[in-house]
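Note sheet for the following structure.
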Amino acid sequence: MGKIVSPSKVKLICAVLWNASTEIESICKQLTKHWGLIDARSTAYDFNHTAYYTDEFGERLRKQFFSFEQLVDVNTMPDIKILGNELEDNFLSGVHRNVNIDPGYIANAKLVMPTTKNLPHRVYIGKNIYADLQLIYKKPTFQTILWTFADYKEPFNLEFFNKVRERYMEQIANERQMAENE
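Going from the sequence shown to my numbering is simple: count from 1 and add 822.
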């Protein structure tokens, strides 16, 4: 029988998609207000990997990933996803969103994005939220899988995720060292 152990904390990340009517720094202020200091940000890029958001957001979409200094309890991810959805309301134009805020996390061996959409490969994690495994870490880099979002496969994003994972592994090692010294 396997021993039940508490999971390690995880590295909170966030994918932000926005249109030309919104300034990314105003979004960052909202994110840091709720999730603390941003310790890394990817290069912002033109998002043209799908037309899924075009009707609601319009053309010329940009996207950027962020990671946060403070590690979080993985059990809080449903609440974090719900808060991300609520934060989008701060940037509405009438009934249309100008911003899509998708929090997720990086752990030792994976990148997971919580979602409200129930598909066969997504696992229910509570509060009407599902876990969507996007990337699997296999030394020396994250590996894509069948349903990985197209932009997550981009080399510049994989490089960013690898750097965030590196930082996460340092943070976990430091936390373990501090716990052993107590």
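Yeah, the Cβ is synthetic: ideal placement off N, Cα and C, and Gly gets one too.
Subject >> Contact between the segment 925 to 944 and the segment 901 to 914 (3+ Cβ pairs under 8 Å) >> reply: yes
Original post:
How should residue 921 be labelled, buried or exposed, when 16 other C-beta atoms within 10 angstroms of its C-beta is the threshold for buried?
Top reply: Your numbering for residue 921 matches position 99 in the sequence shown. Burial call: buried.
**OP:** Determine which residues share a DSSP beta bridge with residue 999 and list them.
**Re:** By one-based count along the sequence shown, residue 999 stands at place 177. DSSP, once it has assigned bridges, lists no residue as partnering residue 999.
**OP:** Could you tell me the distance, in whole angstroms, from the CA atom of residue 952 to the CA atom of residue 823?
**Re:** Your numbering for residue 952 matches position 130 in the sequence shown. Your numbering for residue 823 matches position 1 in the sequence shown. Answer to the nearest angstrom: the Cα atoms are 27 Å apart.
Original post:
Considering only residues of the segment 847 to 923, which uninterrupted alpha helix (DSSP H) runs meet the minimum length of 4 residues and lie entirely inside it, listed in chain order?
Top reply: 876 to 879, 899 to 910
**OP:** Measure how close the beta-carbons of residue 852 and residue 909 come, nearest whole angstrom, since I'm counting them as under 8 Å.
**Re:** Numbered from its first residue, the sequence shown carries residue 852 at position 30. Numbered from its first residue, the sequence shown carries residue 909 at position 87. Sure, about 5 Å apart at Cβ, within 8 Å.
Original post:
Mind checking residue 835: buried by the 16 CB within 10 Å criterion, or exposed?
Top reply: As a position in the sequence shown, residue 835 is number 13, starting the count at 1. By the neighbour-count rule (16 or more Cβ atoms within 10 Å), residue 835 is buried.
Original post:
Should residue 999 be labelled buried (16 or more other beta-carbon atoms within 10 Å of its own) or exposed?
Top reply: Taking the first residue of the sequence shown as 1, we reach residue 999 at position 177. So residue 999 ends up on the exposed side.
**OP:** Tell me where the beta strand (DSSP E) around residue 966 begins and ends.
**Re:** Against the sequence shown, residue 966 aligns to sequence position 144. First-last of the beta strand (DSSP E) with residue 966: 963 to 966.
**OP:** Look up residue 839 in the DSSP assignment and give the residues it is bridged to.
**Re:** Counted from its first residue, the sequence shown places residue 839 at position 17. According to DSSP, which records beta bridges pairwise, residue 839 is partnered with 885, 922.
Subject >> Candidates 856, 868, 850, of which the one nearest residue 976 by Cα >> reply: Residue 976 sits at position 154 when you count from the first residue of the sequence shown. Minimum Cα distance to residue 976 is reached at 868.
Subject >> Local Cβ density within 10 Å of residue 877, reported as buried at 16 or more and exposed below that >> reply: Numbered from 1 along the sequence shown, position 55 holds the residue referred to as residue 877. Exposed, because fewer than 16 other Cβ atoms sit within 10 Å of the Cβ of residue 877.
**OP:** Verify whether the separation of the beta carbon atoms of residue 862 and residue 879 is less than 9 Å.
**Re:** On the sequence shown, residue 862 is found 40 positions in, with the first residue counted as 1. On the sequence shown, residue 879 is found 57 positions in, with the first residue counted as 1. Not in contact: residue 862 and residue 879 (Cβ atoms no closer than 9 Å).
**OP:** Could you say which of 837, 961, 969 lies nearest to residue 860 if we only look at CA atoms?
**Re:** Start at 1 with the first residue of the sequence shown, and residue 860 comes out as number 38. Checked all of 837, 961, 969; the closest Cα to residue 860 is 837.
Original post:
Mapping DSSP to helix, strand and coil, what is residue 827?
Top reply: Along the sequence shown, read from residue 1 onward, the residue named residue 827 stands at position 5. Residue 827 falls in the coil class under three-state DSSP.
Original post:
Applying the criterion that 16 or more other CB atoms from any shown protein chain within 10 Å of the CB defines a buried residue, is residue 848 buried or exposed?
Top reply: Working through the sequence shown from its first residue, we reach residue 848 at position 26. By the neighbour-count rule (16 or more Cβ atoms within 10 Å), residue 848 is not buried but exposed.
**OP:** Pull up the CB-CB distance for residue 830 and residue 994, whole angstroms please, since I reckon it's below 8 Å.
**Re:** Walking along the sequence shown from the start, residue 830 turns up at place 8. Walking along the sequence shown from the start, residue 994 turns up at place 172. Confirmed, Cβ separation roughly 6 Å.
Original post:
Given a threshold of 16 other Cβ atoms within 10 Å of its Cβ, counted over all protein chains shown, does residue 985 qualify as buried or as exposed?
Top reply: For this step, residue 985 is matched to residue 163 along the sequence shown. Per the 10 Å Cβ criterion, exposed.
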